[in-house]
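A short worksheet on the structure shown next.
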Amino acid sequence: MSASVRVNQAISATATGSRKPSEPTRPSRREFLKVSAAAGGGLVVALYAPWDDGLISAVAAGAPGPADSLQASAFVTVHRDGTVTILAKNPELGQGVRTSLPMIVAEELGVAWEDVRVEQAPYDPGRFGPQYAGGSTGVSTNWDRLRIAGAAARELLILAAAQRWGVEPAACTAIDGTVRHGEGSGQREISYGELVDEAAGLEAPDPEAVPLKDPAEYRIIGTPRSDVDLADIVTGSTEYGLDLRIEGMLYAVLERAPTFGGRVRSFDASRARGVPGVRDVVEVKPLRNPAFMAGGVAVVADSTWAAMKGREALIVEWEPGPHANESTESLRAQFERLTLETGDIIREEGDVDGALAGAATRLQAVYEVPFLYHATMEPMNCVAHVRDGQCEIWAPTQVPGMCLALAAATTGLPRASITVHMVRTGGGFGRRLMADYAAEAASVSQSVGAPVQVVCTREDDVRHGYYRPAGLYRLSAGMDGAGELIAWKEHVSTTSRHAFRGDEDTAAETEVFPDALPGAVVPNFRLAYSPAETSVPTGALRGPGKNANTFVEQCFLDEIAHAAGKDPVEIRRDIIGEPRDLPYRDHGGPTLSTGRLRSVLDLAVARSDWGTPLPQGRGRGVAAHMMFGAYVAQIAEVAVDDGGNLRVERVVCAVDCGIVINPPGARAQVEGGILHGLSATLYGEITIADGAVVEGNFDGYPLLPVDFDATGTRVRRLPIRPEDVRSG
Amino acid sequence: MSSITLTVNGRTQTVDVEPDTPLLWVLRDTLGLTGTKYGCGKALCGACTVHVNRNGSPSAVRSCVIPASALAGADVTTIEGLSANTRHPVQTAWIEEDVPQCGYCQPGQIMAAAALLAGNPRPDDQDIDVAMRGVLCRCGTHLRIRRAIHRAAGGGGDR
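Chains as they are written, first to last, in this note's numbering: chain A, 1 to 728; chain B, 1001 to 1159.
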């Protein structure tokens, strides 16, 4: 029953960088720049800043939050030979920040990109400020301070040159690693490398007063730059987490509970210990909140293969936990029941029941989405070395800070005794916003007294993930006699990740978006939420919350358009309305710009031949929304054959994400997002039976590239099945 | 344990491993060649693709399911040995097309593409899709992979 999909080559992603940069958020009074000499000569500039990282605190709830101390956000070192080292402060998972963030520093510094070397910063928020990859915040949260750090170094070099020449700094310019003064035959220039020692002795400028470049003069930002690791990747020499080899390192695999919420009752390691290469078998105790690491039994060996073989011989007795009978069907029944109740009213406008009762046309629909698995190509893994009251972690992660916090909680060591190294990571997509692997590795290393690499097999990774929540969306809409949308009622029930972790945040926070369009502008509106009870672990997945809500709300809007006899683009233009800023309380706010949303919709329409006739068996679908501050409109052209097989002929995507630092990087992210979305739409489904995940590897959870609306059939559950396309 | 002699990247070596150990783990854990990646362990994702050379012609194999003992005397090439100077036409094309995102699957993609071109110097889109279907990428580099293979087939780089 597998539908086949081919994505034609015509995917065209248009990343627009139409917006002018906003005025920089100037550092607060507590921020300051520090200038020093590099060991062996050179100029080092750091921007110290107080750090309050809301996101890390949110994801690490249950673990101690980061200290609010004076912290530095960026390091740039100008060497005597004129080359520059810029530290990449954030984890790299393929989103391109090891390239794009240093580009920002290099731009303001005024050096040629070819003279820049990028090195990975250690995890040290005391020097670098917030260091994580999540919420699409990498560029936006670092934009100002990285510009200021680069500009401060440039101003110091200009000042050093001006002093040497006895001229006004304002009469000097800096470009391509040189400071220049005068014109024509009277022009002088001196390279940065010759100035670093003088510059290192100067007083740090006031970050509030550092001049920033006019974007019209940008020579690096907005120009295409290859990934700084490109040459290493194509030769296989890049070290990912799974490639780390520490001297004396052992390999471990964990046997985890066969049902979510299960616990080790007892285990018999005698046969496992007899497997050649096996060194030890140790229990891994769950964290106090097992949502962060559920424990198990680790088989530790000389090689990965020996550890896997040893685990096959391990016998564990389990406490099954409270939801051992849970299934996709039982959860669905729960969603059905909960969405017929009142639920928590998240937002209410006007009189939705009255408006529905009086509506000329009424529509009702139930949409469903399944659990999704992240399927990073590099499975979860982590190296830890606990010794002499210290713990060192090498983690492929989005949250080095949470790795540290969980390693502290696991080992009982103080946070100051724990070091976390970031390594290039084979994909994250939100899975690595959790740090269970770090806690497991620290626990095993502490037990066996050696450096240990904990490795998830693909089956471990599929069956012990933090899944995109499953959910059910019960919707009603009402139109007046003129076909105007006057009422929108929506009740959502999902397995919230906040509820799963027992966070203080409301369960609804990542699951529903009360200020999103279209609901937010419908005069009679009610949004209700009911968290379902489950032991299935849930977490963030690429576009968390939005990836489900947008599917549901944009599809239902098409149903309304169809019922009202309106064009799907026109109904969106009506809802978007005049250019204005609407209040938006969720991440990406505080406002939603209808003007920017309209612009991306119009651009996608213009590039997609919207409205032109299509042959039989082909159709187009449209969606437009704002998420995490980026505005996206997408139009897919899809063909459906008699067997219900879909073929995505073309996807046009218009994005306004603000200033684009590295265009090919942004384009790759958009193309990747489209393909990830298609993969989820057609194939993505984690099934629960007997309290556990049924699928185990890529045979059960295929990846690949969809969209629809070619047959006139409404698809209301994901993934799309051929029978859903054929029927109706 | 048994001693198995095999040639990897032109170097003949003897390793002492359990005979059922897949080539992947011999490469990664015994020989320290970590460019070949683990992705699934069941020949479902292609991240572990290497070449086994027979009669001078490379064929792409999934190293995660081939026991080392089945490769006694075989001549194996991994991503580290694909070219002496990183200038295999596929590697050059990968660089010119900026193919990788996270990069983790790319050694397997490159080895599969190199084996394709060795047997079919001018593949069309369909040939490429068929040959590359079994090598999964989660970041979505598929379109650039196809372009890079066409570029490599056009003779970019020096072999």
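Quick reminder that beta carbons are idealized off the backbone N, C-alpha and C, glycines included.
Query raised in the report: Taking just the CA atoms, how far does residue 326/A sit from residue 343/A?
Result: Along the first sequence, one-based indexing puts residue 343/A at 343. Along the first sequence, one-based indexing puts residue 326/A at 326. Going by the C-alpha atoms only, they are around 22 Å apart.
Query raised in the report: Three or more C-beta pairs closer than 8 Å, one from the region 389 to 397 of chain A and one from the region 494 to 504 of chain A: is that the case here?
Result: no
Report task. Measure from the C-beta of residue 1127/B to each C-beta in chain A and report whether the shortest distance is under 8 Å. Result -> Position 127 of the second sequence holds residue 1127/B. It does not: the Cβ of residue 1127/B has no partner Cβ on chain A nearer than 8 Å.
Requested in this report: Quick one: residues in its chain with C-beta nearer than 7 Å to the C-beta of residue 1153/B, no 5 flanking neighbours on either side, listed in chain order?
Outcome: Numbered from its first residue, the second sequence carries residue 1153/B at position 153. Excluding sequence neighbours, residue 1153/B sits near 1117, 1121, 1122, 1123.
Query raised in the report: Since residue 1142/B meets chain A, which of its residues come closer than 7 Å, beta carbon to beta carbon?
Result: Here residue 1142/B is taken as the residue at index 142 of the second sequence, counted from 1. 675, listed in chain order.
**Report entry** Cross-chain neighbours of residue 1047/B in chain D, by beta carbon under 7 Å
**Finding:** In the structure shown, chain D cannot be found, because the protein chains are A and B.
**Report entry** Cross-chain neighbours of residue 1012/B in chain A, by beta carbon under 9 Å
**Finding:** Within the second sequence, numbered from 1, the residue matching residue 1012/B stands at position 12. Ordered by position in chain A, no residue passes the 9 Å Cβ test against residue 1012/B, which lies about 21 Å from the chain.
Query raised in the report: Does any C-beta atom of chain A lie closer than 8 Å to the C-beta of residue 1098/B?
Result: On the second sequence, position 98 is the one that residue 1098/B refers to. Cβ-Cβ to chain A under 8 Å: yes for residue 1098/B.
Report task. Go through its chain and collect everything with a Cβ distance to residue 89/A's Cβ below 6 Å, but skip five positions before and after it. Result -> The residue you call residue 89/A lines up with position 89 of the first sequence. Cβ within range, chain order: 121, 128, 131.
Query raised in the report: How far does the beta strand (DSSP E) with residue 1053/B in it reach, from first residue to last?
Result: Residue mapping note: residue 1053/B aligns to position 53 of the second sequence, counting from 1. Start and end: 1049 to 1054.
Report task. Output, in sequence order along the chain, the residues in the region 1083 to 1114 of chain B whose CB is closer than 7 Å to any CB in chain A. Result -> 1086, 1091, 1094, 1095, 1098, 1100, 1101, 1102, 1103, 1104, 1105, 1106, 1107, 1110
Query raised in the report: Can you tell me where the alpha helix (DSSP H) with residue 192/A in it begins and where it stops?
Result: Start at 1 with the first residue of the first sequence, and residue 192/A comes out as number 192. It spans 192 to 200 - the alpha helix (DSSP H) in which residue 192/A sits, taken as one unbroken run.
Query raised in the report: Does DSSP classify residue 1119/B as helix, strand or coil?
Result: Stepping through the second sequence from its first residue, residue 1119/B is reached at position 119. The answer is helix: DSSP assigns residue 1119/B an H, G or I state.
Query - Interfacial residues, the region 1004 to 1029 of chain B to chain A, with Cβ spacing under 9 Å - result: 1017, 1018, 1020, 1021, 1022, 1024, 1025, 1026, 1028, 1029
Query raised in the report: Does the beta carbon of residue 1154/B come closer than 8 Å to any beta carbon on chain A?
Result: Indexing the second sequence from 1 puts residue 1154/B at position 154. No, its Cβ sits nowhere closer than 8 Å to a Cβ of chain A.
Query - Nearest-angstrom Cα separation, counted from residue 135/A out to residue 413/A - result: The residue labelled residue 413/A in the question sits at position 413 within the first sequence. The residue labelled residue 135/A in the question sits at position 135 within the first sequence. About 30 Å.
Query raised in the report: Name the residues in the region 1044 to 1073 of chain B whose C-beta lies less than 8 Å from a C-beta of chain A; which are they?
Result: 1044, 1045, 1047
Query raised in the report: Which runs of the alpha helix (DSSP H) spanning at least 4 residues fall entirely within the region 206 to 250 of chain A, listed in chain order?
Result: 230 to 235
Query raised in the report: Is residue 599/A helix, strand or coil by DSSP?
Result: Start at 1 with the first residue of the first sequence, and residue 599/A comes out as number 599. In this structure, residue 599/A counts as helix in the three-state DSSP scheme.
Report task. Taking 8 Å as the cut-off, decide whether the C-beta atoms of residue 644/A and residue 702/A are in contact. Result -> Working through the first sequence from its first residue, we reach residue 644/A at position 644. Working through the first sequence from its first residue, we reach residue 702/A at position 702. It is not a contact, given that the beta carbons lie outside the stated cut-off.
Query - Beta-carbon spacing of residue 1099/B, residue 1034/B below 8 Å - result: Position 99 of the second sequence, counted from the start, is the residue given in the question as residue 1099/B. Position 34 of the second sequence, counted from the start, is the residue given in the question as residue 1034/B. The answer is no: Cβ separation not under 8 Å.
Query raised in the report: Near residue 83/A, what residues of its chain come up, given a Cβ to Cβ distance below 7 Å and the 5 sequence neighbours on each side ignored?
Result: Your numbering for residue 83/A matches position 83 in the first sequence. If we look at residue 83/A and ignore the five residues flanking it on each side, its Cβ neighbours are 115, 117.
Query - residue 434/A burial status per 10 Å Cβ neighbour count (16 or more: buried) - result: As a position in the first sequence, residue 434/A is number 434, starting the count at 1. Buried is the call here.
Query - Residues in the region 242 to 254 of chain A having any Cβ partner in chain B nearer than 9 Å - result: 242, 243, 244, 245, 251
Query raised in the report: Can you list, in chain order, the residues of its chain whose CB lies under 6 Å from that of residue 1008/B, leaving out five sequence neighbours each side?
Result: Mapped onto the second sequence, residue 1008/B falls at position 8. The residues are 1076.
Query raised in the report: CB residue 1111/B to CB residue 1050/B, shorter than 8 Å?
Result: Mapped onto the second sequence, residue 1111/B falls at position 111. Mapped onto the second sequence, residue 1050/B falls at position 50. It is a contact, given that the beta carbons lie within the stated cut-off.
Requested in this report: Assuming residue 152/A and residue 210/A form a contact by the criterion Cβ under 8 Å, report the distance between their Cβ atoms to the nearest whole angstrom.
Outcome: Residue numbering aside, residue 152/A sits at position 152 when the first sequence is read from its first letter. Residue numbering aside, residue 210/A sits at position 210 when the first sequence is read from its first letter. Contact flag correct, Cβ pair sits at about 5 Å.
Query raised in the report: Is there a Cβ from chain B that is less than 8 Å from the Cβ of residue 680/A?
Result: The count along the first sequence starts at 1 and reaches residue 680/A at position 680. It does not; no Cβ of chain B falls within 8 Å.
**Report entry** Short CB-CB distance (under 8 Å) between residue 1001/B and chain A
**Finding:** Translated into positions along the second sequence, residue 1001/B becomes position 1. Yes, contact with chain A.
Report task. Show which residues of chain B have a CB atom less than 9 Å away from the CB atom of residue 230/A. Result -> Looking up residue 230/A in the first sequence gives position 230. Simply 1094, 1095, 1098, 1099, 1100, 1103.
Query raised in the report: Nearest to residue 1091/B by CA position, among 1017/B, 1053/B, 1147/B, is which residue?
Result: One-based indexing of the second sequence puts residue 1091/B at position 91. Comparing Cα-Cα distances from residue 1091/B to each of 1017/B, 1053/B, 1147/B, the minimum goes to 1147/B.
Query raised in the report: With distances taken from CA atoms, which of 664/A, 605/A, 629/A is nearest residue 637/A?
Result: Working through the first sequence from its first residue, we reach residue 637/A at position 637. Comparing Cα positions, the closest option is 605/A.
Query - Counted within 10 angstroms of its Cβ, other Cβ atoms place residue 547/A as buried (16 or more) or exposed - result: Position 547 of the first sequence, counted from the first residue, corresponds to residue 547/A. Looking at its Cβ environment, which holds 16 or more other Cβ atoms inside 10 Å, residue 547/A is buried.
Query raised in the report: Apart from the five residues just before and just after residue 94/A, which ones in its own chain have a Cβ nearer than 7 Å to its Cβ?
Result: As a working mapping, residue 94/A is identified with position 94 in the first sequence. Cβ within range, chain order: 427.
Query - Within chain B, partners of residue 433/A - CB distance below 9 Å - result: As a first step, residue 433/A must be located in the first sequence, where it is residue number 433. Within chain B, no residue comes near residue 433/A; the closest Cβ sits about 16 Å away, beyond 9 Å.
**Report entry** Pair within 8 Å by beta-carbon distance, residue 192/A and residue 157/A
**Finding:** Start at 1 with the first residue of the first sequence, and residue 192/A comes out as number 192. Start at 1 with the first residue of the first sequence, and residue 157/A comes out as number 157. The answer is yes: Cβ separation under 8 Å.
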